[in-house]
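Numbers in our numbering are just positions in the first sequence, counted from 1, shifted up by 248.
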Amino acid sequence: MIKELEKAYQPQDIEKRIYKIWEKSGYFNPDKLPGKRKQIFSIAMPPPNVTGELHLGHATAITLEDIMARYHRMAGDKTLYLPGTDHAGISTQVMVERLISKSGLSKHKLGRVEFIKRVWDWKKKYGSRITEQIRQLGASCDWSREHFTMDPTLTKAVQAAFIKMFNDGLIYRGKRIVNWCPRCSSALSDLEVKHQETSSKLWYLKYPLFGSTKYLIVATTRPETMLGDTAVAVNPNDKRYKSYINTKALLPITNREVPIIADKRVDMNFGTGAVKVTPAHDHLDYEIAQDHKLEIINVIGPDNRMTKQAGEFYGQSVQDARHNILKRLEQEELLDNTVDYIHNLARCERCSAPIEPLISEQWFVRIDKLAKPAIKAVKSGKIKIIPARYEKVYFHWMNNIKDWCISRQLWWGHQIPVWYCGQQYEASKKIMGFHKDVVPQVCAGKIKTYRLRDHGFKPGDKISFESSQTGKIFGIGTITSIKRVTVGAIQLDDPAHGTTYKKRSGLIAAFKRHHPDQSINDDTKVFIYTYIFNPSAKTEGCGEIIAAVGQPKKCPKCKQTNHIRRDPDTLDTWFSSGLWTFSTLGWPEKTQDLKTYHPTTVMETGWDILFFWVARMIMMSQYFMKEVPFKYIYLHGLVLDRHGKKMSKSKGTGVDPIPMMEKYGTDAIRLSLILGTSPGQDFRLYEEKIASYRNFINKLWNVSRFILSQDAAPPKKLAINSTADQWIVSRLQQLINSTTENINHHRFSEAGLALYDFLWHELADWYIEITKTEKNISVLYYVLEYFLKLTHPLIPYVTEEIWMRWKGEARSNMLMIQPWPQADKKFIDKKIEKNFFLLKDFTVVVRNFRAKHKIPAGEKIHVYYWGPQSSLINDNSEIIKLLAKIESLNNEQQKKLTGSLPGLDYYIDWQQDNKQKDKEVEKISKYIQKLEGKLSNKEFTKKAPKQVVEQEKAKLAEQQEKLQKLL
RNA sequence: GGGUCUGUAGCUCAGUUGGUUAGAGCGUACGAUUCACAUUCGUAAGGUCAUAGGUUCAACUCCUAUCAGACCCACCA
249 MIKELEKAYQ PQDIEKRIYK IWEKSGYFNP DKLPGKRKQI FSIAMPPPNV TGELHLGHAT
309 AITLEDIMAR YHRMAGDKTL YLPGTDHAGI STQVMVERLI SKSGLSKHKL GRVEFIKRVW
369 DWKKKYGSRI TEQIRQLGAS CDWSREHFTM DPTLTKAVQA AFIKMFNDGL IYRGKRIVNW
429 CPRCSSALSD LEVKHQETSS KLWYLKYPLF GSTKYLIVAT TRPETMLGDT AVAVNPNDKR
489 YKSYINTKAL LPITNREVPI IADKRVDMNF GTGAVKVTPA HDHLDYEIAQ DHKLEIINVI
549 GPDNRMTKQA GEFYGQSVQD ARHNILKRLE QEELLDNTVD YIHNLARCER CSAPIEPLIS
609 EQWFVRIDKL AKPAIKAVKS GKIKIIPARY EKVYFHWMNN IKDWCISRQL WWGHQIPVWY
669 CGQQYEASKK IMGFHKDVVP QVCAGKIKTY RLRDHGFKPG DKISFESSQT GKIFGIGTIT
729 SIKRVTVGAI QLDDPAHGTT YKKRSGLIAA FKRHHPDQSI NDDTKVFIYT YIFNPSAKTE
789 GCGEIIAAVG QPKKCPKCKQ TNHIRRDPDT LDTWFSSGLW TFSTLGWPEK TQDLKTYHPT
849 TVMETGWDIL FFWVARMIMM SQYFMKEVPF KYIYLHGLVL DRHGKKMSKS KGTGVDPIPM
909 MEKYGTDAIR LSLILGTSPG QDFRLYEEKI ASYRNFINKL WNVSRFILSQ DAAPPKKLAI
969 NSTADQWIVS RLQQLINSTT ENINHHRFSE AGLALYDFLW HELADWYIEI TKTEKNISVL
1029 YYVLEYFLKL THPLIPYVTE EIWMRWKGEA RSNMLMIQPW PQADKKFIDK KIEKNFFLLK
1089 DFTVVVRNFR AKHKIPAGEK IHVYYWGPQS SLINDNSEII KLLAKIESLN NEQQKKLTGS
1149 LPGLDYYIDW QQDNKQKDKE VEKISKYIQK LEGKLSNKEF TKKAPKQVVE QEKAKLAEQQ
1209 EKLQKLL
């Protein structure tokens, strides 16, 4: 059936319909593709945040990936484009936290289990939104293989990976200084910290010298950390302080003695040249402390409050402590000076809270053994980075990489598959020995709260809860920002963060969940005996750390059964995404998919996550798979707004791809993200640009409309009749070659621009215009068919739609799986191509003449132009230009040329335009001068390749002749 | 402090390994258009390819320096 094509392309309905047809066809699944396919092409989609919205970064990535996938599918490869989404630990958790805070809730109020449930709800509700948007973009990915990083199969892979690395000694637990986000209550990796210029003050503090009346002045932006100072450091080459080295200073307020040490890392030119050393709260100070074996005093807790070690400032917020300490120093006349100062403040990448470096026990990946093979993979060329300059960046980063902190004190993520036998949570102080008297009250709906601080607990302490009835541990946790624990109002899974069950029914329900073996009804007295243990002392449990998927029944070391509990922390999101290329294919099982599609062919992503993700995938794949995860890394640039700034939602400078797709069509968006861009290079996008590509899509639509609306049915055989026919068919062959070449070399922009140019400025503007009166339908159909195939990877919707409306032919196979065109050499004729350009010029002359003299379209124009002696050749520079070219043809070609211009009996009359002529003369003279200069240069004639010299000579002769005619 | 990138027409950007008189889109000016397309067509104006040196027969392209801008990394308290 032939449907009439609408006057203008209307993408909205078409796109939805076409995508359904594609998806239903099953061809997105490589197993269902027709024909024998030996070559494999596989590409894993970088999983977007499951709860996120599609932005232009995704759109760029997906367009590029889809171009490759569609091209390779047509080129006969077994093509897998594997989609998925990421649970995105911190950012999702922060988002849900913000959301629930609107209704006055917090994650602590909800408790871990309920909070995670909320996140899953959120995921279920919005997780399909992003995949719908990916579909809208036309992504030809195999949805039957879609994965989510928290799917059971991927969780299995994450656990297997962790356990193997742990058993191999590549993962260790250690007390180190880490980046702590007080708002997220979690440690962060170095990469998740962003530095931002912040105006602050620099305070100069006087530290009295021990046994002297003199002072040493140190400069600091954080006076509150002085309570944790354990040294003052100076540069060993600093003459001012040489005599102080190895003496002692007296710390103000606390009057603690601290050594004055020498360390090269101290910058003599900054501040006073003397620096206070606070190992617990500064990365550099921590390093210095390691080398000098200094004491480490933690004065700030994970809740951003001063710890017990801070003495009289205990419990104060950092801000208050700073204020109070400065006040004290001022009173004691130990504050020397205060100046304004702008410094780079470390902030949490996700929530922007200032980072507090502190000492904490965390899990780390030992990176040196992983980095070496990962460096080698790129150095040896097994992985190629496009553009290559990023290899340098990659090597630099890999060579300086530090151990990777992978534990997060978050709830949303893969819980670390590690079990402890006691130790970390051993009981010492039963602060509320449970209190049989509390229980009835609880059951009666009364709630009693205990201030943790009153019982000697401080934030950061690990606590565990245990039922005295069953001896079972309900949970363990870290005291973070809460100040009190409400007994009997505790969510059993996570007592540390206490949820309030205001009603007895809630408590009973919780009890039932945790003690399913006990029969219970509403009248039953509920006995929940809870103990809170202080971790600092020891009792039972041997301290064994066991990495295992499920809870071990007994400790393999001490054989005890009662003290095994799980680490509450979760893993860094990037740990699970690091496994992405193989975990999505079934690893650790040895699946057929894994065998077939790994290593993947290309990884396509923005350069901004080269370190976050790409580098880690390489390390993990080298380690687990003993092979590279992908052969090419294509890094696209970031999309900027019209002023070249990063798009920002809050500033409203962003372009949202969804309404743009609806307004201009997906194909137009796809082109606007690809054309005129180059890999690794950021580019600007704005609506006008998209509109111009929409115009192109419409142009293609109308060209097709023109061709398909011809009366005749599409001929089966190609018949070439005229110069114009020869020209366009020859150009098409070259286009096939260049497009294939360009896509193979990942030059998508160039491929697209060439296609754009061909369709618009060769086919539409010239071929169709010139042959309108004598159409060659076979050529029109031939060119259109091939053009649709060539552009399909870039603009799949419009091409498929035109393909389906092909005239007079039942199309059982969709364009998506048509074989990729091969150029037919016999049609390539560069001479014809050149001749046709003359024809074009000539046509322009005629057209302009017609316009100038307002000659109606039906009227014939006569153009005299022949021969250099013609009196008509005097003035019009365009004609002169044209003649100069035409005269280089022989007579036969001239005939051919004129013969192919139907309706033109030549006559042109024109008015003198000396200005034009002068300009032309000047231009040609200048060029001649240049050529003469070149040819008279002996070096040139001697050394340049013969061909080049001949070329230049010919050019000179040509130009001289041209000039003569002009004058 | 170390590193990367960018500087080409009024604006946004292409220019593949050095080799025709440096290109496109948008914008501007003038003109065209019943017969696929006003989401159209033609023509024109507009560039010492940031600046200064160097290598080469030949440089937008390679090298060096300078200027301007963007970004990344890093332990400036």
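Built from N, CA and C at the ideal position, the CB exists for glycine as well.
Residue i, buried or exposed, once every other Cβ within 10 Å from all chains shown has been counted against 16
i: S869; result: buried
i: P295; result: buried
i: E1048; result: buried
i: G661; result: buried
i: S433; result: buried
i: S824; result: buried
i: F1075; result: buried
i: A636; result: exposed
i: Y976; result: What sits at residue 976 in the sequence shown is Ile, not Tyr. Classification of I976: buried, given that the 10 Å Cβ count is 16 or more.
i: A481; result: buried
i: D588; result: exposed
i: S831; result: buried
Cβ separation of residue i and residue j, assumed to be a contact under 8 Å, to the nearest whole Å
i: R814; j: W667; result: 6 Å
i: I1065; j: R321; result: 7 Å
i: L304; j: L1032; result: Contact flag wrong, Cβ pair sits at about 31 Å.
i: Y1004; j: L923; result: 7 Å
i: S388; j: A317; result: 5 Å
i: E472; j: A569; result: 4 Å
i: I603; j: V441; result: 5 Å
i: T526; j: G476; result: 5 Å
i: F458; j: E505; result: 6 Å
i: T853; j: V862; result: 6 Å
Where residue i sits in the DSSP three-state scheme
i: L923; result: coil
i: F781; result: Note that F781 scores a pLDDT of 36, beneath 50, so its modelled location is shaky; the value from the coordinates is reported in the next line. Residue state, collapsed to three classes: coil.
i: Y1030; result: helix
i: Y880; result: strand
i: S630; result: In the sequence on display, residue 630 carries Lys and not Ser. Coil.
i: M398; result: coil
i: R890; result: coil
i: H993; result: coil
i: S1173; result: helix
i: V441; result: strand
i: A479; result: strand
i: M316; result: helix
i: G337; result: helix
i: M873; result: coil
i: P1044; result: helix
i: Y749; result: Note that Y749 scores a pLDDT of 34, beneath 50, so its modelled location is shaky and nothing firm can be said.
i: N297; result: strand
i: T473; result: helix
i: T468; result: strand
i: M868; result: helix
i: L385; result: coil
For residue i, the residue or residues it bridges with in DSSP
i: Q610; result: G422
i: K449; result: D588
i: P327; result: The question names Pro, yet the displayed sequence has Thr at residue 327. In the DSSP output, where bridge partners are listed per residue, T327 has F289.
i: T818; result: R656 and Q663
i: W1051; result: Partner(s): none; W1051 has no beta bridge.
i: W428; result: A435 and E604
i: A510; result: V482
i: L457; result: A497
Closer than 7 Å: residue i CB and nearest the ligand SAM heavy atom
i: P1069; result: With respect to the ligand SAM, the structure shown offers nothing to examine, as it has no ligands at all.
* Asked: Taking only runs of the alpha helix (DSSP H) that begin and end inside the segment 828-853, which ones reach a length of at least 4 residues, in chain order?
  -> Here the runs fully enclosed are 828-831 and 840-845.
* Mind listing, in chain order, the continuous beta strand (DSSP E) runs of no fewer than 3 residues lying wholly within the segment 491-547? => Listed in chain order, they are 496-498, 505-510 and 522-525.
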